[in-house]
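A quick write-up on the structure given underneath.
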Amino acid sequence: MTELTKLTIADARAKLRAKEITAVELTDAYLGAIDAANETINAYIRVTHDKARAMAKDSDERLAKAQGGALEGIPLGIKDLFGTEGVHTQACSHVLDGFEPRYESTVTANLWADGAVMLGKLNMDEFAMGSSNETSYYGPVKNPWRAKGSNLDLVPGGSSGGSAAAVSAFLCAGATATDTGGSIRQPAAFTGTVGIKPTYGRCSRWGIVAFASSLDQAGPITRDVRDAAVMLKSMASVDPKDTTSVDRPVPDYEAALGQSVKGMRIGIPREYRVDGMPPEIEALWQKGIAWLKDAGAEIVDISLPHTKYALPAYYIVAPAEASSNLARYDGVRYGLRVPGKDIVEMYEKTRAEGFGREVKRRIMIGTYVLSAGYYDAYYVQAQKVRTLIKKDFEDVFHEGVDAILTPATPSAAFGIADQDMAADPVKMYLNDIFTVTVNMAGLPGIAVPAGLDEKGLPLGLQLIGRPFDEETLFRTAHVIEKAAGRFEAGKWW
Amino acid sequence: MSVDIATVKRVAHLARIAVSDEDAHRMTGELNAILGFVEQLGEVNVEGVEPMTSVIPMEMKKRQDVVSDGDKAGDIVANAPATEENFFLVPKVVE
Chain A
4 MTELTKLTIA DARAKLRAKE ITAVELTDAY LGAIDAANET INAYIRVTHD KARAMAKDSD
64 ERLAKAQGGA LEGIPLGIKD LFGTEGVHTQ ACSHVLDGFE PRYESTVTAN LWADGAVMLG
124 KLNMDEFAMG SSNETSYYGP VKNPWRAKGS NLDLVPGGSS GGSAAAVSAF LCAGATATDT
184 GGSIRQPAAF TGTVGIKPTY GRCSRWGIVA FASSLDQAGP ITRDVRDAAV MLKSMASVDP
244 KDTTSVDRPV PDYEAALGQS VKGMRIGIPR EYRVDGMPPE IEALWQKGIA WLKDAGAEIV
304 DISLPHTKYA LPAYYIVAPA EASSNLARYD GVRYGLRVPG KDIVEMYEKT RAEGFGREVK
364 RRIMIGTYVL SAGYYDAYYV QAQKVRTLIK KDFEDVFHEG VDAILTPATP SAAFGIADQD
424 MAADPVKMYL NDIFTVTVNM AGLPGIAVPA GLDEKGLPLG LQLIGRPFDE ETLFRTAHVI
484 EKAAGRFEAG KWW
Chain B
139 MSVDIATVKR VAHLARIAVS DEDAHRMTGE LNAILGFVEQ LGEVNVEGVE PMTSVIPMEM
199 KKRQDVVSDG DKAGDIVANA PATEENFFLV PKVVE
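Protein chains in written order, with the numbering used here: chain A, 4 to 496; chain B, 139 to 233.
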């Protein structure tokens, strides 16, 4: 049965339609794999066995009548940030204890409408705040990858660490994820998987627990580029319930695969060559450049002069929005309540006990930068810098650049409970140095595995595109994938 | 700019998060590290630059001002820690 879990979404789709396998068989294979591995990997925080089997049975009935949807019978894992009706939805926070929404997020509703099967809810950093999945109330996720000859447990990245680990360890065919500063692309790079953050407004945010509303976007993490194209097509939609959902038809992303990149102009931003970047990352970047050149693309050096300010601006804008969004967790309407002598003490105790350290830190920063006397110096300044960051990209796209190639992360996966990261929050934040600009500018970005470092750990490259030009990213990432090959973690769990 | 313990306690109260002296002490160091990091934004020349309000240029969506949803009080209070007859229950606010 383990063979079934190795199928990509595209392969499983073909076998299901040809009736070579059934959705129930495929779902049972995944449930078996999860039951065997999850105690070690901790990717799932809730497995929905009964629901999965019931959905798979329905899929088989539709497949029998040749009425299957685009993802009919495909078993998926869902990040705990997505509201799923009647099923644990806590953004992996203690403050949402016991929360089971009476509604379904638009993205997951789209997936179920296309026939996908829900395996369960995936671990993540609390409220998507983190780059290692270590801020989860449900404990860290272990990366299925280990360095050669080492037993050290590594982080899968974050915040979508459960999604990336589950895909990489064959515990789902694909997973939903979200990305506010790199939370899809960084874990994808750390686990040898593909992750795309689409353009802001492409996927509805309705029913997804909000972190920083002007930056949050949903996207898939999958085993290969084709699967990412298939999944994004189903996740994306135009949604009247989200006022920032953009009114444009969703293209057939899969059709972009296999198209040539000949004559395409690929920008290489000089500002992404940062101090202290490991030589292996530079070498990987050069390999990516060579592959695209060989495929006929034109490589152009470009400048994005405000790059270094993206991360500091992000650490004002994102906490400011978070402090406002997370004001709702007060022990009144849902989740945890810790009693107090009056209502204010109840709020303060509930939030003190319900939120973890990183979340409190960000709420505090956000509250401070929005407080009287500091608003202009911090928040308005950061939003002006954001305008400049976006203009940097507009300028290079205006000059005819079709996509931008960068490393996805400044390093490979690091150890769980890394002392340096634990001692200095800013050091952890630097993980997002190559990804955060994309959120600040609202652009689409894809991370695609491109090689292994000398310890045998996966590294990824990132492609950044024009707004709503995900097709160019899929097309170009597919070329990199074909040149680099695919990477699978050796099973130790 | 940097914060002292008194400021951290004031901000924690604004954010409605109870903090012990020990928490406030630890947070002061952490917040100052982050504030030190974001300080570099001050060196950017932003003269004549508009602050960003919407990352994707689009017209604000509007909908008809009609009742399109509702009559689900039971659903709304379903996850509340304490309710009575479809009301949220909280400690006494007004004496």
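Glycine residues also receive a C-beta, built at the ideal position from the N, C-alpha and C atoms. Just so you know, these numbers come straight off a predicted model, no measurement behind them.
### Query
With 16 as the cutoff for other CB atoms within 10 Å, does residue 4(A) come out buried or exposed?
Low confidence applies to residue 4(A): its pLDDT is 45, below 50, so where it sits in the model is not reliable enough to give any reading.
### Query
Alpha carbon to alpha carbon, how far is residue 465(A) from residue 473(A)?
13 Å
### Query
How big is the Cα-Cα spacing for residue 319(A) and residue 389(A)?
11 Å
### Task
Note down the Cα distance separating residue 187(B) from residue 370(A), rounded to an integer number of angstroms.
24 Å
### Query
Using a threshold of 7 Å, is the CB atom of residue 350(A) nearer than that to any non-hydrogen atom of the ligand ADP?
The ligand content of the structure shown is nil, which means the ligand ADP is not present either.
### Task
Under 6 Å Cβ to Cβ from residue 288(A), same chain only, skipping five residues before and after it: list those, please.
410
### Query
Relative to chain B, which residues along the stretch 301-316 of chain A have a C-beta separation below 9 Å, given in chain order?
309, 311, 312, 314, 315 and 316
### Query
beta strand (DSSP E) containing residue 79(A): first to last residue?
78-82
### Query
In the DSSP assignment, what are the bridge partners of residue 225(A)?
177(A) and 197(A)
### Helix, strand or coil at residue 358(A) according to DSSP, with G and I counted as helix
coil
### Task
Starting from the C-beta of residue 328(A), find all residues in its chain whose C-beta is less than 6 Å away, skip the five residues before and the five after it, and write them out in chain order.
213
### Query
Is residue 195(A) near residue 171(A), with beta carbons less than 8 Å apart?
yes
### Query
Quick one: is residue 354(A) buried, meaning 16 or more other Cβ sit within 10 Å of its Cβ, or exposed?
buried
### Query
Is the Cβ-Cβ distance between residue 179(A) and residue 74(A) less than 8 Å?
no
### Query
For residue 231(B), is the classification buried or exposed, using 16 other Cβ atoms within 10 angstroms of its Cβ as the cut-off for buried?
exposed
### Task
Note down, in chain order, all residues in the stretch 428-440 of chain A with a beta-carbon under 7 Å from any beta-carbon belonging to chain B.
428 and 429
### chain B contact for residue 470(A) (CB, 8 Å cutoff)
yes
### Query
Taking 8 Å as the CB-CB limit, is residue 199(B) close to chain A?
yes
### Query
How about residue 204(A) and residue 138(A): do their beta carbons lie closer than 8 Å?
no
### Query
Looking at the unbroken beta strand (DSSP E) that takes in residue 406(A), where does it start and where does it end?
406-410
### Task
Can you give me the start and stop residues for the alpha helix (DSSP H) that residue 423(A) sits inside?
422-426
### Within-8 Å CB hit, residue 389(A) to chain B
yes
### Query
With respect to the alpha helix (DSSP H) encompassing residue 296(A), which residues constitute its N-terminal and C-terminal limits?
282-297
### Query
What is the DSSP secondary structure of residue 418(A), counted as helix, strand or coil?
strand
### Query
At which residues does the alpha helix (DSSP H) containing residue 56(A) begin and terminate?
52-67
### Query
Nearest to residue 337(A) by alpha carbon, out of 233(B), 223(B) and 213(B)?
213(B)
### Message
If contacts are defined as beta-carbon pairs under 8 Å, then residue 412(A) and residue 220(A) qualify, I think. What distance do you get, rounded to the angstrom?
### Response
At roughly 18 Å, the Cβ-Cβ gap does not stay under 8 Å, so residue 412(A) and residue 220(A) are not in contact.
### Query
Just by C-beta distance, which residues in the stretch 211-226 of chain B are closer than 9 Å to chain A?
212, 213, 214, 215, 216, 217, 218, 219, 220 and 226
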